[in-house]
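As they're listed, the protein sequences go chains A and X. UniProt numbering puts the first residue of the first sequence at 1, with every later residue one more than the last. UniProt numbering puts the first residue of the second sequence at 1, with every later residue one more than the last. Structure, as structure tokens:
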Amino acid sequence: MRALVIRRLLYMVPTLFAISLVAFLVIQLPPGNYLATYIAELSARGASVERAQILALEERYGLNEPLHVQYLRWIGGILLNGDFGMSFAYQRPVADLIWDRIGLTVALALATMLVSWVIAFPIGVYSAVRQHSVGDYAATFVGFLGLATPNFMLALVFVWVSYRFFGESAGGIVSPEFADSAWNLGRVLDVVSNLWAPVLIIGAAGTAVLIRVLRANLLDELRKPYVTAARAKGLPEWRVILKYPVRMAISPFISTIGWILPTLVGGEVMVSIVLSLDTTGPLLLEALQSQDMYLAGSFILVLGALTLVGTLLSDLLLAWWDPRIRHAQTEEASA
Amino acid sequence: MNPLARIRRDRPAPAPDPDTAGADTAGTAGTGRTAAAASQWRLIWWRFKRHRLAMASSAVIGLLVFVAVFCEFVAPTTPGHYSAEHTHAPPQALHVVDTRDGFDLGLYVHGYRSTRDEETLAREYTVDESVKIPVGFFVEGRPYELWGVIPADTHLIGPTDPDQRVYLLGADRNGRDMLSRIVYGTRVSLSIGLAGVAVSFVLGVVLGGISGYFGGRIDTAIQRVIEFTMSIPTIPLWMGLSAAVPREWSALQTYFAITVILSLIGWTDLARVVRGRFLSLREEDFVLAARLDGCGRARIIRRHMLPSFTSHIVASLTLAIPLMILAETALSFLGLGLQPPVVSWGVLMQEAQNIHSIANAPWTLLPGVAVTVAVLALNFAGDGIRDSADPYQ
């Protein structure tokens with residue numbers, strides 16, 4: 001097991017390097033840069049831009065150096081000092097801007113994941129055990145609908161419904177009356193009461209997938225002879241199901257941790273923009289549109305790195321949970 | 001990362017759906033038709049026909065494709081035909097029979113009476129029962145060029161008087177007909193899904209095939225690339241790449257750029273499917289037999305291996321199209337994908353982004369319904385094909 005962890009950690013290094021390269025290249029791709037736009041804006045306003053001033057700005061942001069030097073400066077700063085560079089638009093260090101929002105994104109993703117588990121588990125088990133029942137068909141229908149509807153569409157419908165029937169505009173994490181107060185019980189409750197909608201909207205697709213996967217896996221397991229054996233032994237039906245086949249069918253729940261992060265981050269980005277939540281989504285979009293390159297690049301880098309960590313955690317959990325996978329992986333390592 | 005693809009991966013094997021497997025085998029055996037003599041594609045077709053949901057979905061897809069191909073003809077008017085007097089006009093109900101004085105068969109809609117709210121300056125519409133606008137099929141309307149070449153002015157449905165306006169699904173903020181815009185958007189959204197899948201197909205089959213056939217170090221390298229591509233959160237990366245598409249590019253250039261961006265990330269699932277099939281087929285006895293017969297490598301792949309997994313690839317392709325459509329919608333919705341005046345479902349959704357437009361004109365959300373219907377139909381059809389892909393099971 002320890003060898004497995006070490007091996008996986010080592011694998012992460014080149015992948016992280018590749019992610020950082022991609023993040024950097026993505027922010028370099030657009031023609032021109034923020035400075036050029038900024039200077040054009042200044043000139044348009046009639047302010048004269050001194051040559052020396054441009055040079056000073058270029059010097060400050062390291063824009064006049066070749067690409068690989070810029071990359072090395074950027075990644076070096078991150079690795080050595082945790083310095084992600086400056087945001088052009090906000091004139092503040094990127095690190096100040098992103099951590100709050102990434103924290104919220106991660107919190108939202110974790111909450112969404114837990115909620116989808118809690119919803120998907122009973123429904124999935126029910127639809128497999130009572131296959132072809134009305135409840136099964138209803139769950140299947142809702143599940144497919146949840147998969148096929150873009151989550152920003154769900155968010156828009158939610159906005160419309162809450163406006164139309166409750167007369168309030170939805171959005172935001174912290175209600176206005178709590179905006180300036182410190183964290184206390186009231187504020188926490190307020191945040192929770194505002195978060196349930198985004199959590200459900202972002203989790204819709206993931207929950208649908210979990211229900212389908214659990215149902216399909218459990219159906220396969222329920223037909224196996226060991227279930228008959230357990231029944232023949234005289235175990236009560238619910239114990240038969242929960243003790244053996246459900247345990248076998250539940251592995252995909254654990255592997256969700258790995259892929260749910262990229263999915264949730266993507267869904268969260270879209271939903272947050274519609275519901276104006278202060279998470280990564282809106283700021284990333286803004287940064288990309290205004291070519292605020294260090295801000296955008298750092299977001300992509302950190303989100304990518306978090307996804308990797310999530311995948312690693314889920315693989316390790318899975319190996320711990322499922323002896324078959326553990327054996328296969330240790331054999332592969334020794335081979 | 002797409003949740004849809006995950007279902008398929010998390011399932012243990014391409015085993016038949018337990019819901020249908022029993023019924024299928026029993027059915028095929030019971031029909032007593034010359035199952036032994038039928039070709040593989042015929043067997044697949046027999047099995048596919050049993051999937052009622054998949055068959056119905058195929059009909060929906062056929063309809064959507066028809067709309068996409070002949071969108072100029074299907075739409076009541078042109079998508080850019082605006083009217084300042086009809087901003088956010090609500091949908092008109094289509095009446096079939098007029099019974100107010102006697103019995104008058106024929107489609108018609110009622111006109112609007114519009115007033116301006118003094119405070120908000122928004123237009124408010126009430127149905128004007130006294131005005132009757134007859135609606136007909138194959139009517140003369142705004143001239144258009146079918147596929148940009150054939151000039152015509154016949155529309156499938158529209159007001160019989162070309163100067164009248166009919167808004168069956170309401171109007172957007174410029175008084176343009178939502179129905180026409182959704183119909184035109186079908187062409188762009190569906191074709192970008194197809195084009196994106198075509199590019200991913202080439203990438204996926206070539207790389208997956210190489211990976212699966214040669215194995216060894218090449219396989220490891222390609223697998224690492226796939227794992228890496230999958231570990232990046234898709235939407236931020238898509239956003240980053242499409243933000244890099246220059247604004248001044250023409251509509252067609254943007255279209256192709258977005259297609260390439262979508263498929264750059266979408267090829268991985270296909271590559272995995274192809275590799276998996278190659279790996280399992282490589283060990284099959286008939287491949288060994290062909291090799292012993294002295295067949296060359298190219299012939300083994302083309303004549304012996306490809307026919308055994310084309311049906312699986314077709315299924316994966318069908319299931320990949322909806323993901324592309326969803327991705328395009330998401331990007332265009334954010335304003336990073338296709339740009340107006342190009343009309344796609346995502347571009348249309350972008351107009352429904354603010355609370356004012358949703359509150360005053362909830363019908364601007366209708367393109368989203370089109371997306372949902374298309375994605376559902378493609379998913380069900382893809383599932384049907386996947387379940388019938390291996391008729392010998």
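Even for Gly, the Cβ is constructed at its ideal location relative to N, Cα and C. Owing to the predicted nature of the structure, the values given are computational and were not obtained by experimental measurement.
Look up residue i in the DSSP assignment and say whether it is helix, strand or coil.
{"i": "residue 124 of chain X", "result": "strand"}
{"i": "residue 171 of chain X", "result": "strand"}
{"i": "residue 232 of chain X", "result": "coil"}
{"i": "residue 134 of chain X", "result": "strand"}
{"i": "residue 106 of chain X", "result": "strand"}
{"i": "residue 21 of chain X", "result": "Its pLDDT being 42, under 50, residue 21 of chain X is placed unreliably by the model, and nothing is read from it."}
{"i": "residue 83 of chain A", "result": "coil"}
{"i": "residue 315 of chain A", "result": "helix"}
{"i": "residue 30 of chain X", "result": "At residue 30 of chain X, the pLDDT of 45 sits below 50, so the modelled position is not reliable; the number obtained from the coordinates is stated separately. Helix, per DSSP."}
{"i": "residue 362 of chain X", "result": "helix"}
{"i": "residue 206 of chain X", "result": "helix"}
{"i": "residue 112 of chain X", "result": "strand"}
{"i": "residue 374 of chain X", "result": "helix"}
{"i": "residue 139 of chain X", "result": "strand"}
{"i": "residue 212 of chain X", "result": "helix"}
{"i": "residue 19 of chain A", "result": "helix"}
{"i": "residue 155 of chain X", "result": "strand"}
{"i": "residue 144 of chain X", "result": "strand"}
{"i": "residue 219 of chain X", "result": "helix"}
{"i": "residue 129 of chain X", "result": "strand"}
{"i": "residue 480 of chain X", "result": "The requested residue 480 of chain X does not occur in the structure, where chain X is confined to residues 1 to 393."}
{"i": "residue 136 of chain A", "result": "helix"}
Would you kindly check if the distance between the Cβ of residue j and the Cβ of residue i is under 8 Å?
{"i": "residue 64 of chain X", "j": "residue 190 of chain X", "result": "yes"}
{"i": "residue 86 of chain X", "j": "residue 165 of chain X", "result": "yes"}
{"i": "residue 236 of chain X", "j": "residue 78 of chain A", "result": "no"}
{"i": "residue 139 of chain X", "j": "residue 159 of chain X", "result": "yes"}
{"i": "residue 192 of chain X", "j": "residue 259 of chain X", "result": "yes"}
{"i": "residue 345 of chain X", "j": "residue 329 of chain X", "result": "yes"}
{"i": "residue 127 of chain X", "j": "residue 112 of chain X", "result": "yes"}
{"i": "residue 235 of chain A", "j": "residue 12 of chain A", "result": "no"}
{"i": "residue 263 of chain A", "j": "residue 199 of chain A", "result": "no"}
{"i": "residue 107 of chain A", "j": "residue 304 of chain A", "result": "no"}
{"i": "residue 287 of chain X", "j": "residue 279 of chain X", "result": "no"}
{"i": "residue 432 of chain X", "j": "residue 179 of chain X", "result": "No information on residue 432 of chain X is available, as it lies outside the stretch 1 to 393 that chain X covers here."}
{"i": "residue 368 of chain X", "j": "residue 270 of chain A", "result": "no"}
{"i": "residue 318 of chain A", "j": "residue 250 of chain A", "result": "no"}
{"i": "residue 202 of chain X", "j": "residue 317 of chain X", "result": "no"}
{"i": "residue 102 of chain A", "j": "residue 232 of chain X", "result": "no"}
{"i": "residue 208 of chain A", "j": "residue 144 of chain A", "result": "yes"}
What does a CB cutoff of less than 6 Å around residue i pick up in its chain, not counting 5 residues either side in sequence?
{"i": "residue 129 of chain X", "result": "110"}
{"i": "residue 288 of chain A", "result": "296"}
{"i": "residue 371 of chain X", "result": "329, 345"}
{"i": "residue 361 of chain X", "result": "88"}
{"i": "residue 137 of chain X", "result": "157"}
{"i": "residue 373 of chain X", "result": "none"}
Which same chain residues end up closer than 7 Å to residue i when comparing Cβ atoms and leaving out the 5 residues on each side of it in sequence?
{"i": "residue 246 of chain A", "result": "125, 218"}
{"i": "residue 375 of chain X", "result": "322, 325, 326"}
{"i": "residue 380 of chain X", "result": "53, 54, 57"}
{"i": "residue 108 of chain X", "result": "95, 98, 132, 133, 134, 135"}
{"i": "residue 184 of chain X", "result": "71, 75, 79, 343"}
Can you name, in chain order, every residue of its own chain whose Cβ lies under 8 Å from the Cβ of residue i, other than the five neighbours on each side?
{"i": "residue 257 of chain X", "result": "242, 245, 249"}
{"i": "residue 21 of chain A", "result": "71"}
Verify the contact flag: residue i, CB atom, against every heavy atom of the ligand NAP, threshold strictly below 7 Å.
{"i": "residue 173 of chain X", "result": "For the ligand NAP, the structure offers nothing, since it holds no ligand at all."}
Every unbroken alpha helix (DSSP H) within the segment 244-289 of chain A, with a cutoff of 4 residues, ordered by chain: The segment 244-289 of chain A contains, as complete alpha helix (DSSP H) runs of 4+ residues, the segments 245-249, 251-275, 280-289 (chain order).
Contiguous beta strand (DSSP E) assignments of at least 3 residues, all confined to the segment 59-104 of chain X = Listed in chain order, they are 95-98.
- Task: For the segment 340-364 of chain X, enumerate the residues whose C-beta is nearer than 8 Å to any C-beta of chain A, in chain order.
- Result: Hits within the stretch, in order: 349, 352, 353, 355, 358, 359, 362.
Next on the checklist: Restricting to runs no shorter than 3 residues, where is the beta strand (DSSP E) found entirely within the segment 261-324 of chain X?
Outcome noted: For the segment 261-324 of chain X, not a single whole beta strand (DSSP E) run of length 3 or above is found.
Inset, instruction - Check each residue of the segment 152-163 of chain A: if its Cβ is closer than 7 Å to any Cβ of chain X, include it; give the result in chain order. - result: So the close ones are 152, 153, 156, 157, 159, 160, 163.
#### Entry: chain A contacts made by the segment 238-249 of chain X, where a contact means CB separation under 8 Å
If the cut-off is 8 Å between Cβ atoms, the segment 238-249 of chain X has 239, 240, 241, 243, 244, 246 near chain A.
If contact means a Cβ-Cβ distance below 7 Å, which residues of the segment 302-319 of chain A contact chain X?
Residues of the segment 302-319 of chain A with a C-beta atom less than 7 Å from some C-beta of chain X are 303, 304, 307, 308, 311, listed in chain order.
Note to self: So within the segment 93-124 of chain A, which uninterrupted beta strand (DSSP E) runs reach at least 3 residues, ignoring any that extend past its ends?
What the structure shows: DSSP runs (the beta strand (DSSP E)) wholly in the segment 93-124 of chain A: none.
inquiry  = Which runs of the alpha helix (DSSP H) at least 4 residues long sit entirely within the segment 206-247 of chain A? Give them in chain order.
reply    = Those alpha helix (DSSP H) runs which fall completely within the segment 206-247 of chain A and span 4+ residues are 225-232, 237-243.
If you measure beta-carbon to beta-carbon, which residues of the segment 212-229 of chain X are closer than 7 Å to chain A? So the close ones are 228.
Members of the segment 68-94 of chain X that neighbour chain A once the beta carbon cut-off is set at 8 Å: If the cut-off is 8 Å between Cβ atoms, the segment 68-94 of chain X has nothing near chain A.
Using a beta-carbon distance cut-off of less than 9 Å, what residues from the segment 322-335 of chain X approach chain A? Against chain A - using a Cβ distance shorter than 9 Å - the residues of the segment 322-335 of chain X are 322, 326, 329, 330, 333, 334, 335.
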